[in-house]
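Visitor:
2 protein chains.
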Amino acid sequence: MEEKFTPQMIQTIERLLEQKKYVSIRDVLTTMKAVDIAALFDETDESKRPLLFRILPKELAAETFVEMDDDTQELLIHGFSDTELKEVVDELYVDDMVDIVEEMPANVVKRILLSADSETRKAINEILKYPDDSAGSIMTTEYVTLRPDMTVKDAIKRIRRTGVDKETIYTSYVTNNNRTLVGLLSMKTLLLSDDDDVVQDIMETHVISVKTLDDQEEVANYFKKYDFLAMPVVDNENRLVGIVTVDDAIDVMEDEVTEDMEMMAAITPTDKPYLKTGVFETWGKRIPWLLLLMISATFTGMIITGFEEALATQVVLTAFIPMLMDTGGNSGSQASVTVIRGLSLEEIQFKDILKVVWKEIRVAFLCGLTLAVANFGKLMIIDRVGMSIALVVCSTLLITVICAKVIGCILPMLAKKIGFDPAVMASPFITTAVDAISLIVYFNIATAFLHL
Amino acid sequence: MEEKFTPQMIQTIERLLEQKKYVSIRDVLTTMKAVDIAALFDETDESKRPLLFRILPKELAAETFVEMDDDTQELLIHGFSDTELKEVVDELYVDDMVDIVEEMPANVVKRILLSADSETRKAINEILKYPDDSAGSIMTTEYVTLRPDMTVKDAIKRIRRTGVDKETIYTSYVTNNNRTLVGLLSMKTLLLSDDDDVVQDIMETHVISVKTLDDQEEVANYFKKYDFLAMPVVDNENRLVGIVTVDDAIDVMEDEVTEDMEMMAAITPTDKPYLKTGVFETWGKRIPWLLLLMISATFTGMIITGFEEALATQVVLTAFIPMLMDTGGNSGSQASVTVIRGLSLEEIQFKDILKVVWKEIRVAFLCGLTLAVANFGKLMIIDRVGMSIALVVCSTLLITVICAKVIGCILPMLAKKIGFDPAVMASPFITTAVDAISLIVYFNIATAFLHL
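Protein sequences appear in the order of chains C and E. Mapping to my numbering: the first sequence position 281 is 281, numbers consecutive. To get my numbering, take the position in the second sequence, counting from 1, and add 452.
#1: Going by beta carbon distance, what residues of the same chain come within less than 7 Å of T722/E, once the five residues before and after it are set aside?
#2: Which word fits N178/C, buried or exposed, when buried means at least 16 other C-beta atoms lie within 10 angstroms of its C-beta?
#3: Give me the Cα-Cα distance between I859/E and I805/E, rounded to the nearest whole angstrom.
#4: Going by DSSP, what residue range makes up the alpha helix (DSSP H) through K427/C?
#5: Let me know if M495/C comes out buried or exposed under the rule of 16 or more other beta-carbons within 10 Å of its beta-carbon.
#6: The segment 356 to 384 of chain C: which residues have C-beta closer than 8 Å to a C-beta of chain E, in chain order?
#7: Can you give me the start and stop residues for the beta strand (DSSP E) that S905/E sits inside?
#8: For G79/C, collect the residues of the same chain with a Cβ closer than 7 Å to its Cβ; drop the 5 residues on either side in sequence, then sort them by chain order.
#9: Anyone know if the C-beta pair for S788/E and L849/E falls short of 8 Å?
#10: Do you know offhand how far A436/C's Cα is from P422/C's?
#11: At 3 residues or longer, and completely inside the segment 233 to 295 of chain C: list those beta strand (DSSP E) runs for me, N to C.
#12: Out of T431/C, T12/C, Q8/C, L85/C, which has the shortest C-alpha to C-alpha gap to M775/E?
#13: Quick check on DSSP: helix, strand or coil for D215/C?
#14: Roughly how many whole angstroms lie between the Cα atoms of T750/E and S333/C?
#15: Less than 8 Å between CB atoms is the rule here; does G466/E satisfy it with respect to chain C?
#16: Can you tell me whether DSSP reads G758/E as helix, strand or coil?
#17: Can you pull the chain C neighbours of D649/E, defined as C-beta to C-beta under 8 Å?
#18: Relative to the C-alpha of D165/C, which candidate in L452/C, L184/C, E59/C has its C-alpha closest?
#19: For Q801/E, which option in P273/C, L181/C, K122/C, M261/C has the closest C-alpha, if you only look at C-alpha atoms?
#20: From the DSSP secondary-structure annotation, give me the bridge partner or partners of A682/E.
#21: With 8 Å set as the bound, which would you pick, yes or no: does the beta-carbon of L894/E sit closer than that to a beta-carbon of chain C?
#22: If we call anything under 8 Å between Cβ atoms a contact, is I25/C one with T790/E?
#23: Using the DSSP secondary-structure output, state which residues sit across from V210/C in a beta bridge.
#24: Which stretch, first to last residue, makes up the alpha helix (DSSP H) that contains T145/C?
#25: Pull up the distance between the alpha-carbon of T168/C and that of A558/E, whole angstroms please.
#26: Note the first and the last residue of the continuous beta strand (DSSP E) segment covering Y622/E.
#27: For a cutoff of 8 Å on Cβ pairs, would you count S785/E as touching chain C?
#28: Around the C-beta of R125/C, are 16 or more other C-beta atoms found within 10 angstroms, so that it is buried, or is it exposed?
#29: Quick one: what does DSSP say K4/C is sitting in, helix, strand or coil?
#30: Since T614/E meets chain C, which of its residues come closer than 8 Å, beta carbon to beta carbon?
#31: What is the DSSP secondary structure of V182/C, reduced to helix, strand or coil?
#32: Against S847/E, what residues of chain C qualify as contacts under a CB-to-CB distance less than 8 Å, listed in chain order?
#33: Could you give the C-beta distance for A319/C and I756/E, rounded to a whole number, given that I count them as a contact under 8 Å?
#34: Any idea if K405/C is buried or exposed, counting beta-carbon neighbours within 10 angstroms, 16 or more meaning buried?
#35: If we cut at 8 Å on Cβ distances, does M1/C have a partner in chain E?
#36: Check the C-beta distance from R610/E over to L598/E and give it rounded, since I have them as a contact under 8 Å.
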């Protein structure tokens, strides 16, 4: 995807600003999408941002504001008069406002909340009280509700009248008197029905909803599975309290993938973009795992120490340790990452564990055999080690690959079963476990074959 | 997410089938979503699937058909009469039909194409000719078009009349006489405008479109960035040829993530679900990388061989090799995975390379120092090795971690720059590179300090 702006664009805008050609700037900016204008803001000279912001048409200004990074938002808010702030706040959707409020310092939050009308303020506070990563925390309260006894004509009229402030008008939620969710109706169904049809006769009554405290990942999974454009969020009494729209679900999917990848690389997940995270913070996310893995790896060292004397008589054996450890680690990673991804796509379930292990054993046997044969050839022809050493190395290779793949597929499934995130059971932990196993196998075979 | 069916559900359905209680089965199934019914089909006894399929209401039957796995689809098609096949085919969207056609053997494809009307057949053949992973291959040709001079009232009337067969009616595309795309109009704008407004006055003219041959990943990125519900696909003359809807974009996102994760674990990516892939196929996706990495790892072995004599005099040094290699590998993976993900989220660009390297150097220094100090304590207190050996090990650790993180962040960025997928530069390759470096550092420091 190409960038929609360039350093030249920024230069052009800054020059036009100096020349006070505000109409032209406005014309240029209104050809762009909000997210691209926001990116341009984030790279423009700080002192020029407030002026530039004031040039934008009101609605576009609010849309752009949402897409800016926290620093630019904070900078702009500090420069806003109360009236200006109120104008922006009035245009924002509640869920976007919550996102902004969560990132701002307390004094800014106070100003934002004071600018919002009391209903919006209530909605914001409501959403803020749900824990991070819950359905409640990503929902919005701006949705269209219909009554069961409305006609299609009245429903469409109501949507046309009230729809402008709603996050989506393509799904309407049908509630009864005590706000209980009884059905939903897509705009498509509404438009394709007769004007006189009654909502409760044409609405979808088998509604899939989530509870406010459900995990946001679960919400995202529903979107993937059912191709929804929006999903209702209900409280414990099945009263409708909000909706999640597909664009927010996509953001959750991305966050969850990032989280998985970070865990797979032994990093404590963080929401912050890489370049915005401080050095100490990044260190803090990485060092606990490195320490833990370093300590685990010293057990592998202890195995070597146990065979130190034997090794001293056949130092050539040491040369194959990195290859055995690495191949074991790589074989295990292949299996574990495949299984972790399969679990997360729900292609694999715990009940499939025997099928998975059996498949991995066969794949591992084939892989191990191929590697062992290739290595045997190399050892005999290129390295010219003795036949017995070649046999020791190659049989260790075969056994290591089989152990690695079996461990690699079992650990993530067990982690999932006992309620941990399977992503933790990726390369680093598998590698550490497999290292120890490969060395034990190696030295035992060597001792037996070579009579050390 | 809970399963929407259970073994009991399958048993219940199978019993109801035996008792010929078809009305009840139909009632039960129509409370379920198509994707869940499809999952139930895939687990029901094969011989019962055709009968079960005939019980479903026509439209739900077609929706369910799309969600089934290839084997079930093929089985059902073999049992269909030409009339039945035509009924299903008539209900399918063109893009879904393409997906099915791509997985079926030639004789089944022929029957499907014969059942489709000539216009649909043409559309299918059109889409089939685009390469895998291109925008053209994931688009559908069922969209709503409007003329620039239509009034809002006429536009809505047209959508209500023709919308039933369209994949989405929430975005309409405005084209002129030679099918050139001139604008788009959301249903929200249409509904919130006056009946007499003219389409060309209210349409969005800054349209972001993709070309038929653009990469599907690029399409998915636009959806992420701009929160679209649909995107137009145009040919080289800017004529509208299809649209991609958000549900298909989400599928692409998932596929791309799977592909990235597989590459990061040194596996050739595949589209097939894990349990549907044969043992030999899985072996074929994994073994080339294992061989390549094994050969690379033998260079590491050669480094050890070069120091064999020195090692023989100080065998204790061997015990720390696994810890140094693993810690280096883990440190490098942390950096590379963070950078790979940052690149794919477009949080990092090539122009940031110096910023990234500088940040990683500082993080690496902190991490390396922490690990070195922790390890020094352990070596002196628990292992009780000599001070000089402890110093050799810990200074190697510090240098290795710094090298690992720098290599880990640079390699993915360089890969991206020269047009490779950065995901290849993840743990396995970084680990192999870092292994060699850590050993060279280790032995050189050891030689100098310990006068080996």
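Note that beta-carbon positions come from the ideal geometry of N, C-alpha and C, so glycine has one too. From a predicted model like this one, the values you see are computed outputs, not experimental measurements.
Guide: Here's the rundown:
#1: T729, K737
#2: exposed
#3: 12 Å
#4: It should be noted that the sequence gives Ser, not Lys, for residue 427/C. Note, S427/C: alpha helix (DSSP H), 427 to 450.
#5: Nothing in the structure corresponds to residue 495/C, since chain C is present only between 1 and 452.
#6: V356, K359, R362, V363, L366, C367, T370, L371, A374, N375, K378
#7: Within the shown structure, residues of chain E are numbered from 453 to 904, placing residue 905/E beyond reach of any answer.
#8: P50
#9: no
#10: 21 Å
#11: 240 to 245
#12: T431/C
#13: strand
#14: 19 Å
#15: Here residue 466/E is Glu; the residue named in the question, Gly, does not match the sequence. Chain C, which has no Cβ nearer than 8 Å to the Cβ of E466/E, makes this no.
#16: helix
#17: What D649/E touches in chain C: nothing, since even the nearest Cβ is about 13 Å away.
#18: E59/C
#19: P273/C
#20: T697/E
#21: Before going on, a small fix: residue 894/E reads as Tyr here, not Leu. Taking Cβ atoms only, chain C never reaches closer than 8 Å to Y894/E, which makes this a no.
#22: no
#23: V233/C
#24: First-last for T145/C: 144 to 146, but that is the beta strand (DSSP E), not the alpha helix (DSSP H).
#25: 43 Å
#26: That residue, Y622/E, is in no beta strand (DSSP E); it is neither H nor E in DSSP.
#27: yes
#28: Inspection of the sequence shows that residue 125/C is occupied by Asn rather than by Arg. It counts as exposed.
#29: With a pLDDT of 47 at K4/C, under the threshold of 50, the predicted position of this residue should be treated as unreliable, though the coordinate-derived value follows. In the structure shown, K4/C sits in coil (DSSP, three-state: anything other than H, G, I, E or B).
#30: Simply none; closest approach about 10 Å.
#31: strand
#32: Going along chain C, no residue has its Cβ under 8 Å from S847/E, so there is no contact; the nearest lies around 15 Å.
#33: 4 Å
#34: buried
#35: Its pLDDT being 43, under 50, M1/C is placed unreliably by the model, and the measurement read from it follows with that caveat. It does; some Cβ of chain E falls within 8 Å.
#36: 7 Å
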